[in-house]
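Structure, as structure tokens:
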Amino acid sequence: MAAWWTRVTRLRPLSLLLRAAPPGFARVAGTGTRSRSWTETRAETRALRWAHGSVAPVAAPVAAPRGAEHSRSPDELTGPSFFTIIYWVLCRNNNAHLLQVECKNRYGPMWKSKFGPYMVISVADADLIEQVIRQEGKYPIRFDMKNWTDYRDLRGYAYGPFTENGSKWNQLRSVLNQKMLRPRDMVAYVKPINEVVTDLLARLHMLSASNGGMVNNLANEFYKFAFEGISTVLFEKRLGCLEQSVPEETQVFIDAVRTVFIHSEKMALIPKWIRMILPLWKHYCNAWDVIFSFGMKEIDKKMIKISEMVARGEPLEGEYLTYLLSNGKLTEHEIHGSIAELLMAGIDTTSNTMSWVLYHLSREPHLQERLHQEVEGVCPGNTIPNVQDLAKMSFLKAVIKEILRLYPVVPSNSRLIVEGGTKVGGYVFPKNTLFQLCHYAVSHNPEIFPDPEAFKPERWLRKGTMLAHPPFGSIPFGFGVRACVGRRVAELEMYLTLSRLIKEFEVQWDPSQKDILPKTSTVIIPSESINLKFIARKVQQNRPD
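Residue numbers -26 to -1, 1 to 519, in mature numbering (1 follows the signal peptide of the UniProt record, and there is no 0), belong to the letters of the sequence shown in order.
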């Protein structure tokens, strides 16, 4: 069997795998649909909304879209064969994000596939994704975290904001959103995050000075920074991740987070009864144990401190964890489950995004200089930026947005629509339809983002009041009530870090190195270590008061 599989994967190029499958691996029946342009799809979507009274026409009445006179059946959709899916999962798993692009080019903006008992409708069009999200209901359901919930069930742990669903999820989010999503709450985090950034800059000075200016494996340094940053926000304490001698448990935790992300996709595709007997599952669970154990230990320390303050009659002081533990809206069990997931999300988003940012800025010196000039213009000399300063840095924000378009942290998302009669693109889907939202394919669509593989932050700068792209063309933090709970903290952390780092260093690329490509490891990460040269600028910054 293994020899047969090796021969097949060597002899059958991808184009053939997408076109045909051997007997026993029948393709999903149906007729293909051509890929329509954004302009066509946009016009059709507006016509449908206008017909239903949801928006007023902005110009002359648009002709009824093709197929709008009657609802179409999902049976008419086609898609990749089961064999093709297996090939990508087993042989090209690191490039799973590219399967979205391959399928969109072949099958159009929407296709179906079957894996195990699930029929999946993949959507790779900005307007169609919007249609799905607008119909996701009061309590949007994620359906791609089964291996995460299986671990929690095995250990008896509570679900968190990413794994919980239904009214229980709504209860969790209503509590977690406080002090996390409101813009005015971000002011309280500026000082502690700036203190972490100061230590990051000191560490980069130390590493570059000892290695001829080079800092190797940049992503790992940003993992330490992100771990320190999110811990400062969640636990209201410093861990020492950026000291010259890094605590051993810091790297153990970082390695555990990587292990979970690396193996999550594989674990999700292996049947539960097989998974439980595999050594890989034990390794996967051990990584989760490290993450939960760390969170529980810090929460327990905080509980003791709060109890002592109450016993002494002292007022409770603190931000996020103090708020969660003292308001009585969540049990300690629920807080354990939520903090573990917030820790993971907070580390991964910042570390990978910042690595990609510096990689591209080092290769585009004129864009790096433009950013440097903007930051210096707003915060001259050794001025350290605050929230008001960041609001004036439009190019800084455009740089971050462009990186998140090129490398969305999560290449796809899912929604299980439990109501029947869901209409997307003229097709009517039954209840319990599973939709895969292909964010990577959409954000790399040349029809809405010209020259999509190029790093062009200027595409995010408004020209008057007009946007050059559809609003759902790039939604790296999601949209609606189930959008990322830590979005504002992550953005604040990245804005403060990039603005101060670019004042402190000129970042240079070694032209002898090969290009760094993205790979999928549940999230999108660099395929190779990013090694950059950090040249100290003249201006030195003060530590925040």
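For every residue, glycine included, the Cβ atom is placed at its ideal position computed from N, Cα and C.
When Q105, N406, T58 are compared, the shortest CA-CA separation from G400 is found for Q105. Around the beta carbon of Y133, 16 or more other beta carbons lie within 10 angstroms, which makes this residue buried. The three-state reading of DSSP puts S312 in helix, counting H, G and I together. Distance between I377 and A285, taken at the CA atoms: about 49 Å. By a beta-carbon distance limit of 8 Å, S386 contacts Q74. Their separation comes to about 7 Å. A distance of 8 Å or more separates the beta carbons of H307 and M270.
Between the alpha carbons of F196 and Q342 lies a gap of roughly 19 Å. Inside the segment 246 to 297, DSSP marks whole alpha helix (DSSP H) runs of 4 or more residues at positions 246 to 249, 253 to 285, from first to last along the chain. Distances from the CA of L299 to each of K371, E272, G187, Y333 were compared; the closest alpha carbon is that of E272. Residue state for L506 is assigned as strand, using DSSP reduced to three classes. With 16 or more other CB atoms across the displayed protein chains lying within 10 angstroms of its CB, W262 is buried.
A check of alpha carbon separations from N505 across S141, V481, F235, S45 identifies V481 as the nearest. Between the alpha carbons of I59 and R66 lies a distance of about 10 Å. Note on Y92: under 16 other CB atoms within 10 angstroms of its CB, so exposed under the neighbour-count rule. Taking the C-beta atoms as reference points, R511 is found nearer than 8 Å to K477. Around I265, the same chain offers F227, A230, V231, V234, A314, L317, M318 as residues with beta carbons nearer than 8 Å, after the five sequence neighbours per side are excluded.
If the five residues before and after T296 are omitted, its C-beta is found closer than 8 Å to the C-beta atoms of E210, K276, I280, L290, all from its own chain and listed in chain order.
Using a C-beta cut-off of 8 Å, the segment 411 to 422 makes no contact with the segment 351 to 366, since fewer than three inter-stretch Cβ pairs fall below that distance. Comparing alpha-carbon positions, the option among M119, R80, G53, N69 lying closest to S388 turns out to be M119. Annotation: R433 to F403 spans about 36 Å, alpha carbon to alpha carbon. Under a 10 Å Cβ-count criterion, T305 is classified as exposed, with fewer than 16 other Cβ atoms of the shown protein chains found around its own Cβ.
In the three-state reduction of the DSSP assignment, Q487 falls in the coil class, being assigned neither a helical nor a strand state. Its Cα nearest to that of G130, the residue C259 stands out among C259, G111, L491, V220. Secondary structure at T496: coil, using DSSP grouped into helix, strand and coil.
DSSP places Y401 in the strand class (E or B) of the three-state scheme.
R389: member of the beta strand (DSSP E) spanning 387 to 391, first to last residue. Using a Cβ distance threshold of 8 Å, G214 and V170 do not count as a contacting pair.
Residue state for S184 is assigned as coil, using DSSP reduced to three classes. In the three-state reduction of the DSSP assignment, M468 falls in the helix class.
M250 sits exposed, since fewer than 16 C-beta atoms from the chains shown fall within 10 Å of its C-beta. In this structure, the beta-carbon distance from G320 to A200 falls below 8 Å.
Listed in chain order, the non-local C-beta contacts of P426 below 6 Å within the same chain comprise H418, P420, local neighbours out to five positions each way being set aside. About 29 Å separates the Cβ atoms of I115 and N79, ruling out a contact at the 8 Å cut-off. S486 sits exposed, since fewer than 16 C-beta atoms from the chains shown fall within 10 Å of its C-beta.
Of all C-beta pairs linking the segment 460 to 467 to the segment 320 to 339, three or more are shorter than 8 Å, placing the two stretches in contact.
Taking C-beta separations shorter than 7 Å and ignoring five residues to either side along the sequence, the partners of G187 in its chain run K507, F508, I509, following chain order.
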